[in-house]
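The numbering used here numbers the first residue of the sequence shown as 111 and each following residue consecutively. Just so it is clear, CB atoms sit at the ideal spot from N, CA and C, and this is done for glycine as well. Each remark here refers to the structure printed beneath this line.
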Amino acid sequence: MCASKSIKYSLVLVLAAGLTACGGDMDDLDQYINEVKAKPGGRIEPLPEITPYEIYTYIADAQGLRSPFVPDNQQSALSSNGARPDRDRSREYLESFPLDTLGMVGTLDMGNTVYGLVQTQDGLIHRVVPGNYLGQNDGRIIEISDSEISLVEIISDGVGGYVERDAAVGLKD
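Here you go:
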């Protein structure tokens, strides 16, 4: 109990000493404030005039245009060429990589079969033939040449259908 009283007295003395340091001469601060107040004020530019907003009502039917807020089912039917990804097909290993991370490093002729050599990001080289799949968009290899592997990808058209897109994996330098 005696120790707690001495701690309390010590704390009061420290706080009192701290408060005495807060007083002091503030003449230089008062002088600076008076100098700033004595300076003439600057000119403030007037606010720009605000022009009122004119409301525009978009009427698609009156102009013979389609509404941009209604899905265009005819466009979806036209763009879809019957291509659909085969969800029942077992996936190949190289379909787990994005197409832009794969690179062709060469070809291999064995008999009458031409193999393409594809390198993944981790440095492994895989052998592919036409009919194999590459990339994450159901890319089926259609041709292997000395300079590239050509394939056809099946991608979503954004409105419920699918379209085929040509792609290629070029020979790495």
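Between the alpha carbons of residue i and residue j, how many angstroms are there, rounded?
i    : j    : result
D248 : A278 : 13 Å
T230 : I259 : 14 Å
E263 : T167 : 42 Å
I165 : G151 : 41 Å
M220 : G245 : 25 Å
L212 : F179 : 39 Å
R197 : I254 : 25 Å
T217 : D171 : 58 Å
S114 : V122 : 12 Å
V146 : R153 : 16 Å
I251 : L204 : 12 Å
Would you list the one or two residues that DSSP bridges to residue i?
i    : result
D317 : Because the chain spans 111 through 283 in this model, residue 317 falls outside it and cannot be assessed.
R237 : L227
Since residue i is in the alpha helix (DSSP H), which residue starts that stretch and which ends it?
i    : result
Y142 : 137-148
L125 : 112-130
How would you label residue i, buried or exposed, when you count the other beta carbons within 10 angstroms and need 16 or more for buried?
i    : result
Y119 : exposed
N242 : buried
M214 : buried
Y272 : buried
V228 : buried
V269 : exposed
L129 : exposed
How far does the beta strand (DSSP E) with residue i in it extend, from its first residue to its last?
i    : result
I264 : 258-266
Y272 : 272-280
D219 : 213-220
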